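So for the sequence shown, our numbering puts the first residue at -8; every next one is plus one. Heads up, the beta-carbon is just placed ideally off N, CA and C, and yes, glycines get one too. All figures in this text were calculated on a predicted structure; none of them were measured in a lab. Everything on this sheet refers to the single structure shown next.
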Amino acid sequence: MQLRQRLQEERERLRQELAQVRSATQKDGAGGEIGGKSSKSDEAAVATELEKNLALEKSLLQRLVEIDHALEKFIRGNYGLCDACGHPIEEARLEFLPQANLCIGCKSRQEKDGRGRWLRK
Ligand SMILES: [Zn+2]
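Laid out in structure tokens, this is it:
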């Protein structure tokens, strides 16, 4: 099981993807070059594209935070333990999602309770 390496590779990949999304967002955001020629539908298309990129950026960032957190746990020596209850996270779950920070029980409780409240840094 080389989960740490998988996490590091995934983090690298996400960082590159994030950099691409960010440069695309900045290009669209400036918008000056289209100038007076842009029709309303062009503007709408650009806005939609921008929104899509921002949403993508947000989800990439969220995943990066989770992966960083999991890598931190490797350093602290408590990787594989649930953040909420401290019990070991199911191995199959880690295999499927190496950045998992909660066991299945706590995760489903968290989802029922509303999001994010347990995940304090
Ligand atoms: Zn738990």
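Check                                                                                                                                                                    : Outcome
Excluding the five sequence neighbours on either side, which residues of its own chain have a C-beta within less than 8 Å of the C-beta of ARG67, listed in chain order? : none
Report all residues from its chain with a CB closer than 8 Å to the CB of LEU9; omit the five preceding and five following residues, and keep chain order.               : GLU48, LEU51, LEU52 and LEU55
Does any heavy atom of ligand 1 sit closer than 7 Å to the C-beta of LEU93?                                                                                              : yes
Is it the case that the CB of HIS78 approaches a heavy atom of ligand 1 more closely than 7 Å?                                                                           : yes
Can you tell me the Cα-Cα spacing of GLY96 and LEU(-6), whole angstroms?                                                                                                 : 21 Å
How many Å lie between LYS98 and GLN(-1) at the Cα?                                                                                                                      : 23 Å
With distances taken Cα to Cα, identify the nearest neighbour of GLY71 among LYS43, ASN92, PHE87 and GLU40.                                                              : ASN92
Is GLN90 closer than 8 Å to ALA61 when the C-beta atoms are compared?                                                                                                    : yes
What separation, rounded to the nearest whole angstrom, lies between the Cα atoms of ALA35 and LEU45?                                                                    : 15 Å
Would you say GLY96 touches ligand 1, meaning its beta carbon is less than 7 Å from a heavy atom?                                                                        : yes
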